[in-house]
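Trainee: One structure follows; several queries about it will come next.
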Amino acid sequence: MQLAAGLSIVLIVAGAWSLIVWPQFLRRVMSDPRARDANGKATKFLTVHVVLVAISMVLGLATAVIGITALLT
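Start counting the sequence shown at 2; every next residue gets the next number (our numbering).
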């Protein structure tokens, strides 16, 4: 894969940003009163946000891996 070093670094930083920011967001969502109903069961609010965070972290990891691969090749 041929990318300029600068672009590779941008991909690495973007991936790292996702991996750092999203877990913090998930922690706040999980402590939100809307995350669980009166019985302690997960609500749609929590489910949607867990899926959002999971997808974003997978994409962030993929972005970082692409950046690292491009930088090393």
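Note that the Cβ used here is the ideal one computed from N, Cα and C, for glycine as well. Everything numeric in this text was worked out from a predicted model, so none of it was measured.
Less than 8 Å separating the beta-carbons of Ala36 and Phe26?
Mentor: Against the sequence shown, residue 36 aligns to sequence position 35. Against the sequence shown, residue 26 aligns to sequence position 25. Here Ala36 is not near Phe26, since their CB atoms are 8 Å or more apart.
Trainee: Check whether the region 5 to 16 touches the region 58 to 74, taking contact to mean three or more Cβ pairs, one atom from each stretch, closer than 8 Å.
Mentor: They touch, by the three-pair rule.
Trainee: Which residues in the same chain have their Cβ closer than 7 Å to the Cβ of Pro24, if we skip the five residues on either side of it in sequence?
Mentor: Translated into positions along the sequence shown, residue 24 becomes position 23. Hits under 7 Å: none found.
Trainee: Does the separation of the CB atoms of Ala5 and Ala65 fall below 8 Å?
Mentor: Numbered from its first residue, the sequence shown carries residue 5 at position 4. Numbered from its first residue, the sequence shown carries residue 65 at position 64. Contact check for Ala5 against Ala65 fails: the beta carbons are separated by 8 Å or more.
Trainee: Helix, strand or coil for Ala5? Go by DSSP, reduced to three states.
Mentor: Residue mapping note: residue 5 aligns to position 4 of the sequence shown, counting from 1. Coil, per DSSP.
Trainee: Expressed to the nearest angstrom, what Euclidean distance is found between the alpha-carbon atoms of Val51 and Ser19?
Mentor: As a first step, residue 51 must be located in the sequence shown, where it is residue number 50. As a first step, residue 19 must be located in the sequence shown, where it is residue number 18. When rounded, the distance between both Cα atoms is 14 Å.
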